[in-house]
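Counting from 1, position 243 in the sequence shown corresponds to residue 243 in the UniProt record's numbering; the numbering is continuous, with no gaps.
See structure below.
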Amino acid sequence: MELVIRLLVPICSCPPGLCSSASMAAGDDGSAVRRLYLSVYNWVSFFGWLQVLYHVTLALLGSGHQAVYAAVKLPLLFSQTAALAEILHSITGLVRSPISATLPQVGARIFVTWCIVWSFPETQSHVLVTSLVLSWSITEVIRYPFFGLREAFGITPSWLLWLRYSTFTVLYPVGLISELGLIFTAMPHMKGRSFYICAALTTIYIPGSGSDMTWRALLHAASFWLSAFPHMYGHMLAQRKKNLSKAKAA
1 MELVIRLLVP ICSCPPGLCS SASMAAGDDG SAVRRLYLSV YNWVSFFGWL
51 QVLYHVTLAL LGSGHQAVYA AVKLPLLFSQ TAALAEILHS ITGLVRSPIS
101 ATLPQVGARI FVTWCIVWSF PETQSHVLVT SLVLSWSITE VIRYPFFGLR
151 EAFGITPSWL LWLRYSTFTV LYPVGLISEL GLIFTAMPHM KGRSFYICAA
201 LTTIYIPGSG SDMTWRALLH AASFWLSAFP HMYGHMLAQR KKNLSKAKAA
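What follows is the structure, encoded as C-alpha cells:
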C-alpha cells in the first residue's frame, strides 16, 4: 500500500530577517527575561555557526571541497535545526517577525540540510555544498551577533549594521544557486528509489514509484523559486536602503 504524507516544501529562502520589515528583535518594550533569553539564543547560535565556518575553512585548506561536508556535518545539523526555535518565537509573539516570513526562511534551509544533502550522500562531496555552507555560515556569524548585541545592550556597531544589510547582495544569490544546484544534483538519485526519507519540517513518501512524484514536485518548486528571486532580491535591496539610511540619519 502506498503511504503518502504531505510534503511541506518552503518555496523561497532568503536571509532570515531580510524578507520582512520586522526584525529578530522585538523592540524595547520586552521584558528582561525575554531579552535575556533572546540574547542567549543568539549568542549560542552564533557560536554554533562559527564552528561551521571554522571547520569548513580548515577542510578547504587541508583536503579540499570534497571533505567539507564530513567536517561540518554535526555543527551544521545542530545549528540549522536549532533555527526551528525561530518559528516558535514568531508563533508565540516573542519576536515581531511574522510566521509567514519566518516559516519559509527557516523551512527552506531545513529542507535542503536534511532532505537533500543529508538524505542523498551523492550530493555531499559536491562543490556546491562548500558554497552553500560558506554563504550560510558567513551570513549567520554576522546576523546573530547583530541581534545578540541589540538584545543585550540595545545597540549595534555601525560596521555590523552595514555588514548585516550588505553581505546578502552576494551571499543570497550564491546560497540560492547552491540550494537549487544541490536539489537538481539529488533529483536523478530520487528516481528509482523505493522510498525517500526526509526529516524535520518535511515528510516522507514511501511508495513504489512515488519517488517520481517527489522529483516532479521538486522541479516545480525549483521553477517557482527561481521566478520569485527577482521580487525577493528587490525587496531585500529596499530593506537595505531603508535601514542604512535610517542609521545615517541618526
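Where a beta carbon is used, it is the ideal one built from N, C-alpha and C, also for glycine.
Given the structure is predicted, the values throughout are model-derived calculations rather than measurements.
What residue from S135, L149 and M190 has the CA that sits closest to L171's CA? That would be S135, whose Cα lies nearest to the Cα of L171.
If I measure Cβ to Cβ from L175 and keep anything under 7 angstroms in the same chain, skipping five residues before and after, which residues do I get? Going by the sequence as given, residue 175 is Gly instead of Leu. Within the same chain, G175 has close Cβ partners L132, S135 and W136.
Based on Cα-Cα distance, which residue from T57, I177 and A83 lies nearest to E140? It is A83.
Given a cut-off of 8 angstroms, decide if R35 and E151 are closer than it, judged by their beta-carbon atoms. yes
Helix, strand or coil: which one does DSSP assign to S63? Coil, per DSSP.
Less than 8 angstroms between the CB atoms is what I'm expecting for L76 and V52, so what's the real figure, rounded? 5 angstroms
How is the alpha helix (DSSP H) around residue 258 delimited, first residue to last? No information on residue 258 is available, as it lies outside the stretch 1 to 250 that the chain covers here.
Which listed residue (V56, S90 and A238) has its alpha carbon closest to that of P98: S90
List the whole-angstrom C-beta distance separating S39 from G148, where the pair is believed to meet the contact cut-off of C-beta under 8 angstroms. Indeed they touch by this definition, with Cβ atoms about 6 angstroms apart.
Ordered along the chain, which non-local residues of its own chain (more than five positions away) have a Cβ less than 7 angstroms from that of K248? Cβ neighbours of K248 beyond the five flanking positions: none.
Can you check which of these residues, W162, W159, S125 and A32, is closest to T185 by C-alpha distance? Relative to T185, the option among W162, W159, S125 and A32 whose CA is nearest is S125.
Leaving aside the five residues before and after S79 along the sequence, list all residues of the same chain whose C-beta is less than 8 angstroms from its C-beta, in chain order. S45, G48, W49, Q51, V52 and E140
Could you check which residue in K191, L237 and A67 has the C-alpha nearest to that of L128? A67
Should the segment 158 to 173 be called in touch with the segment 225 to 244, which here means at least 3 C-beta pairs below 8 angstroms? yes
I need the DSSP call for H189, collapsed to helix, strand or coil. helix
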